[in-house]
Amino acid sequence: MNYTEIKINKKEAEEILFDLFNIKGEVSELPGEVDFNFRIKIKNEEGYILKISRLNEDAGYLDFQQSLLRFIEKKGSDFEAPKVITDKKGRVVSEIIDENGNIRKVRLLTWISGRVWSSVNPQLNDLRFSLGKQCGILTKALQGFDHTEAHRYFEWDVAQSLWTKEYLNLFSSEEKKILSFFQERFEFSKESYDMLRKAVVHNDANDNNVIVSESLIAPKVKAAIDYGDAIYTQIINDLAITCAYAIMHHNNPLDASLPIIKGYHFEFPLEEIELKHLYNAIAMRLVISVTKSAINKEKEPDNTYLLISEKPAWEVLKKWRNISAEFSEYSFREACGYKAHPNQEVFEKWVEEEEITFTDVFPTIKKEIIYPLDLSVESLWLGHSSEFNDLELFQFKINQLQKSQQEKLIAGGYLEARSLYTSEDFSVIGNSGREERTIHLGIDFWLPSKTPVHVPVNGVIVTVTNNNKFKEYGGLIIVKHKENNIEFYTLYGHLSMDSLEGAKVGNPVKKGDCIGFLGNSEENGSWASHLHFQVLLSMLHFENDFPGVALHSEVEVWKSICPDPNLLFKSEVLNNLETKSNQEIIKYRKQHLGKSLSLQYKVPVKMVRGQGIYLIDQFGNKYIDTVNNVAHVGHEHKQVVKAGQQQMALLNTNSRYLHENINQLAKELIETLPEELNVLHFVNSGSEANELAIRMVKANTGQRDIIASEVGYHGNANICIDISSYKFDGKGGSGAPEHTHIIPLPDTFRGKYTDKDATNKYAKEVLKQIVKIKEKGRNVGAFIIEPIISCGGQVELPEGFLTKVYEYVRNEGGLCISDEVQTGCGRMGKTFWGFQLHNVVPDIVTIGKPLGNGHPLAAVACTQKVADRFANGMEYFNTFGGNPVSCAVGKAVLETVKNEGLQKNALEVGNYLKDELKKLARDYPIIGDIRGQGLFLGIELVTKNMNPLAEEASYLANRMKDHKILMSTDGVDNNVLKIKPPMVFSKDNANELLFYLKKIFKEDFMQKSNIE
118 MNYTEIKINK KEAEEILFDL FNIKGEVSEL PGEVDFNFRI KIKNEEGYIL
168 KISRLNEDAG YLDFQQSLLR FIEKKGSDFE APKVITDKKG RVVSEIIDEN
218 GNIRKVRLLT WISGRVWSSV NPQLNDLRFS LGKQCGILTK ALQGFDHTEA
268 HRYFEWDVAQ SLWTKEYLNL FSSEEKKILS FFQERFEFSK ESYDMLRKAV
318 VHNDANDNNV IVSESLIAPK VKAAIDYGDA IYTQIINDLA ITCAYAIMHH
368 NNPLDASLPI IKGYHFEFPL EEIELKHLYN AIAMRLVISV TKSAINKEKE
418 PDNTYLLISE KPAWEVLKKW RNISAEFSEY SFREACGYKA HPNQEVFEKW
468 VEEEEITFTD VFPTIKKEII YPLDLSVESL WLGHSSEFND LELFQFKINQ
518 LQKSQQEKLI AGGYLEARSL YTSEDFSVIG NSGREERTIH LGIDFWLPSK
568 TPVHVPVNGV IVTVTNNNKF KEYGGLIIVK HKENNIEFYT LYGHLSMDSL
618 EGAKVGNPVK KGDCIGFLGN SEENGSWASH LHFQVLLSML HFENDFPGVA
668 LHSEVEVWKS ICPDPNLLFK SEVLNNLETK SNQEIIKYRK QHLGKSLSLQ
718 YKVPVKMVRG QGIYLIDQFG NKYIDTVNNV AHVGHEHKQV VKAGQQQMAL
768 LNTNSRYLHE NINQLAKELI ETLPEELNVL HFVNSGSEAN ELAIRMVKAN
818 TGQRDIIASE VGYHGNANIC IDISSYKFDG KGGSGAPEHT HIIPLPDTFR
868 GKYTDKDATN KYAKEVLKQI VKIKEKGRNV GAFIIEPIIS CGGQVELPEG
918 FLTKVYEYVR NEGGLCISDE VQTGCGRMGK TFWGFQLHNV VPDIVTIGKP
968 LGNGHPLAAV ACTQKVADRF ANGMEYFNTF GGNPVSCAVG KAVLETVKNE
1018 GLQKNALEVG NYLKDELKKL ARDYPIIGDI RGQGLFLGIE LVTKNMNPLA
1068 EEASYLANRM KDHKILMSTD GVDNNVLKIK PPMVFSKDNA NELLFYLKKI
1118 FKEDFMQKSN IE
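And the structure:
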C-alpha cells in the first residue's frame, strides 16, 4: 500500500482516542517516520501524544518502547520523559482495525510541553551544554535496562552503518567521495570501535525530538521524546547523534559540538578511547541520514518528514570533511577536561630532564640571557599599525633594539595575541561573526638574516617547503624527533631559500647540525629577519605547512598540541610574562574608581587598540564600532596620530604665546562655517564648549534663563548638567533648576505631537516657555538644542521648527546655540554642520571632541557681535585650550575629512544604510522608525501599539556585541539603537551590520508574538 492509503487523518485519530482511552481533546498532526503521531490538547492539562502504527507493526518492538519508558519512570530519574498511559482495559499497547481491515497498534503517552529544538533560535552554548547534560542524564538513567528488541537489526544504528556502502550509486561523484571517506575511516577503526562500552540508548535526539523550555532568554533542554529508535549499541553513538543534529546550521560545527560534549561528560563521564571514535560516529550518523533520504525519495516522495534533515546533513558532512579528525579528537578531550593532546604530560616529563640551551640553536650567537620583546596587541613598542606594517621601519626598530641589547637574545611571543597578521588568510567567519587567528604558537628569535640555525635534538626532516605568501613562513623546515618513545616535531620558519636547497625530506639530522639560515624579508614571508621556532606534538593533517597562529577561541587545544618551546630552554624571563584578567581589572575599578563610572555591555570588553572602523580587544578580536562618533575619521588615524606625535615632540604650551597652529586650525574651521560665525574659542571638551557658550549668553544678554529640550544632553560640567534634562530628569537628578526651561522632545514619531501641524505645535512650546520666563520678570537668555537630538534617540527636528524658534527667541533678545558636539564636522553628509540642514545660522555653535578624533579638543564658534560683548574685561583663558598639539590634531582631522571625502562618504553610505534599514523594517514590524542623517542614525523599537521595547533594544545590542559589532541604546525609554560610527564606515561595513541585524531580529526574543 502507498503512503496515502495507510495514513490516519485527524478525524480518525479523534475517534480512536475516545474509543480506547475515553479522552476527548483537540487533535493536530505531528511528523513521524514510522508512526502516525497526533498532539492531543486538553484544557488546563499538559495533554498527550497519540501514536498509531503502520501495518503489521511488531508487538515486541512496541513492548520494548513501553517497557523502556516505564523503566525510566520507575527509576525516578531527574530527566523528564513521556509516561505511558494505559487504555480502558489496562493495556499499554492497544489494537484497532482500520477501515481496510488492517490491525493497527495504538499507544498514548503524556505530552511534554515546550518547544522542539529545531524551532529554537538562537541555540547558544548554554543551551547546547544543557542538551548534552540532559542526554547524559538519560544515558545514566538507562543503565541496566535491556530487552530482546534492543538487539535487533536497525539501519539507524551507527554501529551497523556500513550498509550505506551499498547505496553509493544514488549520489554524485563528489558526494560519493565524501561518503566513502567517512565509511572507510569507520571501517578501518571498527576493531577498536567494537570494544567500546555498550548499553541501550535513546539513539535519536534529533532536532525534532528534543524539547526545550519556553524561556526566550536562557532556555534549557527539558527532555528527549520519541524512543522508537532506542537500541543496544556503543554509548558514544548517542552523543554522536545528538551532536550530528545540533551542530547543523553553524559555520563551525566542531565548535558548536563542544558545549554538548562538555555537558554530556558532566553527567556521564566519557572514556578517552570513546572520544577517539566520536568524529567518525558523528559523520556516520549523517551518512545514514543522507542515504536514507536518497532511498526514501524514491520510496515515499510524498513523505516530506523523511527528507527534513537532508540538506543540513549534507552541509555538515561537507564541513566535517574539511575538519581534521585528529584536531577534533583533541578538542573533544579538552572539552571533557582531559589534556587535549594525549602525550602532553609525557612530553613535559621527558623535557624536564633535558638540558638544551639557546646556544644549541644559535651557536654563533652564544647568548643565554633573553630580552623579552612584546609584540602583543597592547604593545607600546609595536606602536601604530602603520609602523608595524612598514617593514623597513620595523626592521630598523629591531636593529636599534639589538644594538641597545647586545648581550641579550631578543625573543618572545608564545601564546601572545598579536595584530601583526593582516592577510585575509588569518581571518575566518565563525559561529559568532568574524574571528582572527592572532595567538602566536611559537617563540620568535629576532636575529640578523643569514644567522645559522641548528637542531637541538636528533631527528628526521619531514617538511621542506617555501610558503611564499604574504605574512607566511617563507622558507620552512619541520623536523620529527623520537626520544624514549616520545614523538614530537620542531618547526623552523622564515628561513632563507638557500636553507631549503640543502634540506631533503627523509634526511636524518643530529643535535648540533645546521638546519638552515635566517632569511631576509624577500624570502621569509615579508617579515623582519627572525626565526619562528615551534614545538608540535602532532602534524595533524598538514604536510607542507603548519599553523603558527591560532584562533583565541581554540587556544586551550592548540597550546596542548604546540607546547611552550621554552620547556626546552627553561628561561625564567620567558616564563614570567603575565597579564591581568578582565575580572581583576573590574575588581580594581569597582574599588578605586568613581562609583558612578559604568561599563558597557553585560559582559564588558577590554579594548586595547583601535584601527579605522575597529576596536580591538586584548586577544586581537576586531569589533566594528558603530557607536564611537568621537573617533571621527577612524580610530588612530595615521595622519592625525602623526600630527599629534610630531608637535608633541616639539612643544606643547598655552595660547598666550604666538604659534601658527592655532591660526591654521581656526582658518580650517572657519572655512566650513557660515560667514557670520567667524570667531573661535578653543577648549578641551564639549562640556567646556557648552559651559563657555552659556557664559557668553550671560555676558551678551544679561539673562540666565535657558530653554532646552527634554532629554537633551549638553555635558557634565555644572552649568551643562543644569541645562541637560537627560541628567537632571534621570537617575540621581532632582528636576530642572529655576533658570532652565524644558520643552517636550520634538519627536514627530512618538512624541507629544505627531500630526501634520507638529512643527507649529512644538515651536509654540518654546513660545510658552518664553511667556513663563517673562511672567517671572525675566527674559530668555538662549535656546540650545542639537540639530538631531542624540540622547533622545537620534530624533530629527521637525522641518521648519528651528526657523520659527530662532525667530521667537531672537525677538526677545535671546541667543540661539546649536550644539554640534555629536552632529558636526561632516557627519550629516548633506551638510557639514547639523544646523545647515534647517537653513538657519545660530549665534553660537559648540563643537566637541570629534574635532580632535578623540583628542581633548573642542571649540566655540560665534559671531563678532557675541564675541565683542563677551570680551567685557574679564579675560577668558584656558590653559590647554588651543595648545599647539591639540591644534595640530584638529587641523589634521579637518584636512582628513576634506582629503578623504568623508562628508561624501557619510552621505552615500548613510543613505544606503538608511534605505536598507527601512527595507528591514518591512520584515520586522518591531522596527518602528528609522531616522537621522548621514552617519548619525537611529532605529526605534516599538510594539504594535507604539510602546517602547527597551529590553529588545538591549538584547539586540548585547547580541550584536557577541558577533563583534558594537552598538548602544538611548532614547527616552532606552529603546533606540544608535548608529554613529567613525566616518570611514564603508558600504561593506554597512552590509556586515545589516547581515547580523537580520540574524538577531530573527531570534525568538525579538520575534515573540506577545508584543502588543
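Note that the sequence shown ends on residue 1129 in the numbering used here; no numbers are left out. For each residue, glycine too, the CB sits at the ideal point set by N, CA and C. On a predicted model such as this, the values are computed, not experimentally measured, just so you know.
Can you give the Cα-Cα distance for L1083 and H598, rounded to whole angstroms? Start at 1 with the first residue of the sequence shown, and residue 1083 comes out as number 966. Start at 1 with the first residue of the sequence shown, and residue 598 comes out as number 481. In a straight line, the C-alpha of L1083 is about 47 Å away from that of H598.
Reducing DSSP to helix, strand and coil, say where T1013 ends up. Within the sequence shown, residue 1013 is the residue found at index 896, counting from 1. It is helical.
Quick check: the region 963-982 against the region 917-929, are at least 3 beta-carbon pairs closer than 8 Å? no
So the candidates are D1087, N989, N795; which of them puts its Cα closest to the Cα of V958? Start at 1 with the first residue of the sequence shown, and residue 958 comes out as number 841. Of the candidates D1087, N989, N795, the one whose C-alpha sits nearest the C-alpha of V958 is N795.
Please report how far the alpha carbon of G207 lies from the alpha carbon of D136, in whole angstroms. The residue given as residue 207 occupies position 90 in the sequence shown. The residue given as residue 136 occupies position 19 in the sequence shown. Distance between the alpha carbons of G207 and D136: 14 Å.
Start and end of the alpha helix (DSSP H) containing R438? Reading the sequence shown from its first residue, position 321 is the one you call residue 438. Looking at the DSSP string, the run of the alpha helix (DSSP H) that includes R438 is 427-438.
Just the Cα atoms here: how many angstroms apart are D215 and K1125? As a position in the sequence shown, residue 215 is number 98, starting the count at 1. As a position in the sequence shown, residue 1125 is number 1008, starting the count at 1. D215 and K1125: Cα-Cα distance of roughly 41 Å.
When you compare each of K483, K719, L684, G610 to G665 by their alpha carbons, which one comes out closest? If you number the sequence shown from 1, residue 665 lands on position 548. Out of K483, K719, L684, G610, G610 has the C-alpha closest to the C-alpha of G665.
Burial state of S761 (16 or more Cβ within 10 Å): Translated into positions along the sequence shown, residue 761 becomes position 644. The sequence shown places Gly at residue 761, rather than the Ser named in the question. Result: buried.
Within 10 angstroms of its Cβ, does Y310 collect 16 or more other Cβ (buried), or is it exposed? Working through the sequence shown from its first residue, we reach residue 310 at position 193. Buried, because 16 or more other Cβ atoms sit within 10 Å of the Cβ of Y310.
Between C631, A528, H557, which has its C-alpha nearest T568's C-alpha? Within the sequence shown, numbered from 1, the residue matching residue 568 stands at position 451. That would be C631, whose Cα lies nearest to the Cα of T568.
Under 6 Å Cβ to Cβ from L1111, same chain only, skipping five residues before and after it: list those, please. The count along the sequence shown starts at 1 and reaches residue 1111 at position 994. So the qualifying residues of the chain are E1033.
Contact under 7 Å by Cβ, I1056 with L1094: Start at 1 with the first residue of the sequence shown, and residue 1056 comes out as number 939. Start at 1 with the first residue of the sequence shown, and residue 1094 comes out as number 977. Yes. Within cutoff.
For my contact list, M614 and G636 are in at a C-beta cut-off of 8 Å; report their separation, rounded to the angstrom. Within the sequence shown, numbered from 1, the residue matching residue 614 stands at position 497. Within the sequence shown, numbered from 1, the residue matching residue 636 stands at position 519. Rounded, the Cβ-Cβ distance is 7 Å, consistent with contact.
According to DSSP, is E301 helix, strand or coil? On the sequence shown, residue 301 is found 184 positions in, with the first residue counted as 1. If DSSP states are grouped into helix, strand and coil, E301 belongs with the helices.
From the DSSP output, in three-state form, read off Y1072 for me. For the purposes of this step, residue 1072 is identified with residue 955 of the sequence shown, where counting begins at 1. Three-state result, Y1072: helix.
To which residues does DSSP link G547 through a beta bridge? Counted from its first residue, the sequence shown places residue 547 at position 430. In DSSP, G547 forms a bridge with G550.
Assess contact between the region 274-293 and the region 398-409, defined as three or more Cβ pairs (one per stretch) separated by less than 8 Å. Is contact present? At 8 Å Cβ cutoff, the stretches touch.
By the three-class DSSP mapping on this structure, what secondary structure does A988 have? Walking along the sequence shown from the start, residue 988 turns up at place 871. Three-state DSSP puts A988 in coil, outside helix and strand.
In chain order, each alpha helix (DSSP H) run of at least 4 residues that lies wholly inside the region 193-219: Here no run is fully enclosed.
Endpoints, the beta strand (DSSP E) within which C933 is located: For the purposes of this step, residue 933 is identified with residue 816 of the sequence shown, where counting begins at 1. That run of the beta strand (DSSP E) goes 932-936.
Can you check which of these residues, L685, I342, L285, is closest to E465 by C-alpha distance? Walking along the sequence shown from the start, residue 465 turns up at place 348. Checking every option, the nearest Cα to that of E465 belongs to L685.
Kindly identify the DSSP beta-bridge partner or partners of C979. As a position in the sequence shown, residue 979 is number 862, starting the count at 1. Note: C979 sits in a beta bridge opposite V796, I961.
Label F1102 either buried or exposed according to how many other C-beta atoms from any shown protein chain fall within 10 Å of its C-beta, with 16 as the threshold for buried. Numbered from 1 along the sequence shown, position 985 holds the residue referred to as residue 1102. F1102 is buried by the Cβ-count criterion.
Given G850, which residues of its chain have a CB within under 6 Å of its CB, disregarding the five upstream and five downstream residues? By 1-based counting over the sequence shown, the position of residue 850 is 733. Same-chain partners within the cutoff: K844.
Distance between beta carbons of I823 and I838, contact taken as under 8 Å: By one-based count along the sequence shown, residue 838 stands at place 721. By one-based count along the sequence shown, residue 823 stands at place 706. Under the criterion of beta carbons closer than 8 Å, I838 and I823 do not qualify as touching, at roughly 12 Å.
Just to confirm my understanding: we take P625, look at its own chain, exclude 5 residues before and 5 after, and list those with CB closer than 7 Å. What are they? Taking the first residue of the sequence shown as 1, we reach residue 625 at position 508. So the list reads V577, once near-sequence residues are dropped.
If I follow the unbroken beta strand (DSSP E) through K448, where does it start and stop? As a position in the sequence shown, residue 448 is number 331, starting the count at 1. In the sequence on display, residue 448 carries Ser and not Lys. First-last for S448: 442-452, but that is the alpha helix (DSSP H), not the beta strand (DSSP E).
For S332, the three-state DSSP class (helix, strand or coil): As a first step, residue 332 is located in the sequence shown; it is residue number 215 there, counting from the start. In the structure shown, S332 sits in coil (DSSP, three-state: anything other than H, G, I, E or B).
In the DSSP assignment, the beta strand (DSSP E) including Y396 goes from what residue to what residue? Reading the sequence shown from its first residue, position 279 is the one you call residue 396. Per DSSP, Y396 belongs to no beta strand (DSSP E); it is in the alpha helix (DSSP H), 389-416.
What whole-angstrom Cβ distance do S448 and L499 have, given they're in contact under 8 Å? Here residue 448 refers to the residue found at position 331 of the sequence shown. Here residue 499 refers to the residue found at position 382 of the sequence shown. Contact flag wrong, Cβ pair sits at about 31 Å.
How would you label K379, buried or exposed, when you count the other beta carbons within 10 angstroms and need 16 or more for buried? Residue numbering aside, residue 379 sits at position 262 when the sequence shown is read from its first letter. Burial of K379 is indicated by the presence of at least 16 other C-beta atoms within 10 angstroms of its C-beta.
Within 10 angstroms of the Cβ of S935, are there 16 or more other Cβ atoms? Answer buried if so, exposed if not. The residue given as residue 935 occupies position 818 in the sequence shown. Result: buried.
Specify the secondary structure class of V926 as computed by DSSP and reduced to three states. Here the question's residue 926 lines up with position 809 in the sequence shown. If DSSP states are grouped into helix, strand and coil, V926 belongs with the helices.
Taking 7 Å as the threshold (C-beta atoms), are E882 and P904 in contact? Along the sequence shown, one-based indexing puts residue 904 at 787. Along the sequence shown, one-based indexing puts residue 882 at 765. Against a cut-off of 7 Å, the Cβ pair of E882 and P904 comes out as no contact.
Terminal residues of the beta strand (DSSP E) in which Y349 lies: Working through the sequence shown from its first residue, we reach residue 349 at position 232. Residues 348-351.
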